[in-house]
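Note that the sequence shown covers residues 1 to 266 in UniProt numbering. Cβ coordinates follow ideal geometry from the N, Cα and C atoms, glycine included.
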Amino acid sequence: MRLAVEQAVFCVGTRTILDAVTLGVGAGEFVGLVGPNGAGKTTLLRLLAGLIAPSAGRVTLDGRPLGSVSRDERARRVAAFFQGAGIGWPMRVREIVALGRLPHHRAFAAEDAVDRAAIARAMDLTDTTHLADRTEPTLASGERMRVLLARALAVESEMLLADEPITALDPAHQLDAMALLRRVSRDGAGVIAVLHDLTLAARYCDRLVVLSEGRIVADAQPTAALDDSLLHAVFGVSAQRGTHADGGAYILPWARSQRTLGETRP
1 MRLAVEQAVF CVGTRTILDA VTLGVGAGEF VGLVGPNGAG KTTLLRLLAG LIAPSAGRVT
61 LDGRPLGSVS RDERARRVAA FFQGAGIGWP MRVREIVALG RLPHHRAFAA EDAVDRAAIA
121 RAMDLTDTTH LADRTEPTLA SGERMRVLLA RALAVESEML LADEPITALD PAHQLDAMAL
181 LRRVSRDGAG VIAVLHDLTL AARYCDRLVV LSEGRIVADA QPTAALDDSL LHAVFGVSAQ
241 RGTHADGGAY ILPWARSQRT LGETRP
């Protein structure tokens, strides 16, 4: 499976949000979308999900224009959840997660054993089983995020799109969520996640795609994508780097860096 955008442009009025963006992600890849606020990360994810159409360029699924793929097929093959998405009414958590199975059924069809197993698996992986009988309004923000992730995982799709999946989570659940997304990719699905924590993004992702002012300015393995010059020019920070005892390299944004007057981003 391959989900891609080719020379995609997205405009709102006279403002260009994405400018000639080309990106492809295949099965088994965990790709992080990073960049400053307003860089176009969530807009790019929405294009990939088929929620909005590009002003120019195209979005493809296995080489087919995404718009030509039926809604049912897209729902089965590409699962997504977005920051700030609400449930809309006071459903119980298990019912919310079960919504992820709808693409696999005709309308009003009853759950079968496969559905029940997928729902239970998704809730176990996201540490939400104990929340099963709680209603959505009673959830804390971090609990709600994990429930939405469980709903997306219950689809058991070939591609998972996640918008800020670790926002509002405590440190332990942030680590759990990132490890889970990497596991999903290792099991064969493609994963594309919008992330703000550069340390965790660099640690867990296979590739980082850096956006700045609507353009991709880097697309590489994490240490190559987040080199010192890019951190300075795009994020306005310097970083500490090191190697953990387990051999893994880490990047820790440490201080603001001062841009030279008139300096432009890459």
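### Query
Expressed to the nearest angstrom, what Euclidean distance is found between the alpha-carbon atoms of R151 and A122?
7 Å
### Task
Give the DSSP-derived three-state secondary structure of S212 in the structure shown.
strand
### Task
Give the DSSP-derived three-state secondary structure of R58 in the structure shown.
strand
### Task
Identify which residue in T199, A162 and A218 has its Cα closest to the Cα of Y250.
T199
### Task
Please report how far the alpha carbon of R215 lies from the alpha carbon of H232, in whole angstroms.
17 Å
### Query
Can at least three beta-carbon pairs, one atom from the segment 17–34 and one from the segment 195–214, be found at a separation below 8 Å?
yes
### Message
Once DSSP output is grouped into helix, strand and coil, what is the label at P36?
### Response
coil
#### Entry: Separation of L160 from W62, as counted between CA atoms
The residue asked about is misnamed: residue 62 is Asp in this sequence, not Trp. C-alpha separation (whole angstroms): 15 Å.
### Query
Between which two residues does the alpha helix (DSSP H) harbouring A122 extend?
A113 to L125
#### Entry: Identity of the residues DSSP links to E6 by a beta bridge
R58
### Query
From E156 to G242, what distance separates their C-alpha atoms?
36 Å
#### Entry: C-alpha gap between A113 and P103, whole angstroms
16 Å
### Message
I'd like to confirm the pairing. Which residues does DSSP put opposite S257 in its beta bridges?
### Response
DSSP, once it has assigned bridges, lists no residue as partnering S257.
### Task
Please work out which residues of its chain come closer than 6 Å, Cβ to Cβ, to V191, disregarding the five sequence neighbours upstream and downstream, and give them in chain order.
F30, L160, L181, V184 and S185
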